[in-house]
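Residue numbers (our numbering): 3 to 468.
Ideal Cβ placement from N, Cα and C applies to all residues, glycine included.
Below: the structure, in structure tokens.
So this is what it looks like as structure tokens:
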């Protein structure tokens, strides 16, 4: 503070040199006390005891809590999250609520973390939250040779690695230098270096330094941090064949996100690149790739997109089944970890969505079975998107309407609601549109089209027998 007063006086600002005091080492902020000298933070007086008492309420056996109770606890603990972790379990607990007024007992992971919070707060004094201090020279020395191998020295610790086959030409010195740096970093971590410290690692190879920092290189070897080698153009038959077998779904490929239809689009893009650059696309490849795509598509049809899909227990029924609500988990348009809900109302005709859901629920024998499916003896076969589109497409072709698509029904619903005077806000809510894209579908009904539509719906309601 004295330096500030002297500087202020030198700049011509009149300052009383007697009426000031130096800054204290500890400064109190909202929720914590900062020690500028020791670079640490601690909780204010009385806060630790208060937090321990709040946690103790949740550790009482047999008690259940509402969504609001847990939300208040999370809010109180949030300001010390940067000092003490273990708050993720409480957030996961909050995600379990559907009706916020319902009472839920604490799950085991939340109880475990709350016990850990309580014991930690009893002994908690201060903690360091930032990296500070000058970089530390750990006396790291490393070098590589294409004839011998790699040697790394960190202080009193050393390690050496021998090349199994020195005659391999693809083992460039730049690759070995990069491996030497990475081995040195792994050794430094294994020697239990203190978190928050900055270490000095010397290298005389700028190419290796860039390779470590960027996790990639221009070499032909497999890049660091990547699972596949780079794909070079123009492509050979072997390149395309390996790409299909890697990206396509096979018996042991696991739950890969790349479907056969997406893989087909990639192959079309490869062909387009060769045509644009006047390069010859590998011949005699169409039959083999078609066979690979067909086998991959068959396995795609056996999987439910997005996991297990909608289960029977995900449907909630209203009073007298006047409405139904479907809970969507892991929806593409949802924020990760959140749920989406679709509510449908009962209507007095054969297009009633509640009646359709009721028939599906009755056919599903197990509460955790897929709702959208059909029963074959004791097993439940889930309906997939491509299975439905192929079947419905055949029906439309038999009816002489091959141009119909499922998207047309969504557009038609928006058109009809607009013609009946429904507000754009309700139309966007029904179609789950968050932008102004609905304006592309909104058109005016002619008086004749309006009369025909209402007459058709009237006939449909009159012909329905519940």
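For residue i, three-class secondary structure by DSSP
i: residue 417; result: helix
i: residue 345; result: strand
i: residue 30; result: strand
i: residue 376; result: strand
i: residue 381; result: strand
i: residue 106; result: strand
i: residue 235; result: coil
i: residue 7; result: helix
i: residue 181; result: helix
i: residue 175; result: helix
i: residue 331; result: strand
i: residue 150; result: coil
i: residue 227; result: At residue 227 the pLDDT is 45, less than 50, meaning the model places this residue with poor confidence; the figure from the coordinates comes in the next sentence. In this structure, residue 227 counts as coil in the three-state DSSP scheme.
i: residue 313; result: strand
i: residue 189; result: helix
i: residue 366; result: coil
i: residue 165; result: coil
i: residue 391; result: helix
i: residue 273; result: helix
i: residue 280; result: coil
Identified DSSP bridge partners for residue i
i: residue 155; result: 143 and 160
i: residue 37; result: 28 and 42
i: residue 319; result: 326
i: residue 202; result: 139
i: residue 60; result: DSSP lists no partner for residue 60.
i: residue 67; result: 106
C-alpha distance - residue i paired with residue j, whole-angstrom precision
i: residue 307; j: residue 368; result: In this predicted model, residue 307 has a pLDDT of only 47, less than 50, meaning its place in the structure is not dependable; the value taken from the coordinates is given anyway. Residue 307 and residue 368: Cα-Cα distance of roughly 20 Å.
i: residue 141; j: residue 150; result: 22 Å
i: residue 18; j: residue 73; result: 50 Å
i: residue 264; j: residue 311; result: 20 Å
i: residue 192; j: residue 179; result: 20 Å
i: residue 364; j: residue 355; result: 14 Å
i: residue 456; j: residue 425; result: 19 Å
i: residue 1; j: residue 277; result: The chain is shown from 3 up to 468; residue 1 falls before or after that span and cannot be answered.
i: residue 281; j: residue 371; result: 51 Å
i: residue 284; j: residue 248; result: 18 Å
i: residue 404; j: residue 70; result: 53 Å
i: residue 246; j: residue 267; result: 12 Å
i: residue 11; j: residue 20; result: 13 Å
i: residue 225; j: residue 93; result: A caution first: residue 225 carries a pLDDT of 45, below 50, which makes its placement in the model too unreliable to give a value.
i: residue 42; j: residue 80; result: 18 Å
i: residue 228; j: residue 188; result: Model confidence at residue 228 stands at a pLDDT of 46, short of 50, so the residue's coordinates are unreliable; what they give is reported in the following sentence. So the two alpha carbons sit approximately 18 Å from each other.
i: residue 111; j: residue 105; result: 17 Å
i: residue 385; j: residue 374; result: 6 Å
i: residue 342; j: residue 98; result: 13 Å
i: residue 459; j: residue 56; result: 59 Å
i: residue 186; j: residue 177; result: 14 Å
i: residue 429; j: residue 102; result: 27 Å
i: residue 44; j: residue 50; result: 10 Å
Integer-rounded CB distance, given that residue j should sit under 8 Å from residue i
i: residue 60; j: residue 116; result: 6 Å
i: residue 200; j: residue 138; result: 7 Å
i: residue 156; j: residue 182; result: Rounded, the Cβ-Cβ distance is 12 Å, inconsistent with contact.
i: residue 327; j: residue 318; result: 5 Å
i: residue 123; j: residue 54; result: 5 Å
Residue i beta carbon near the ligand ATP (any heavy atom closer than 7 Å)
i: residue 314; result: Inclusion of the ligand ATP in the displayed structure is not the case, the ligand content being empty and no account of it being possible.
Enumerate, from N- to C-terminal direction, the unbroken alpha helix (DSSP H) stretches of 4 or more residues contained entirely within the segment 422 to 468. 426 to 433 and 449 to 465
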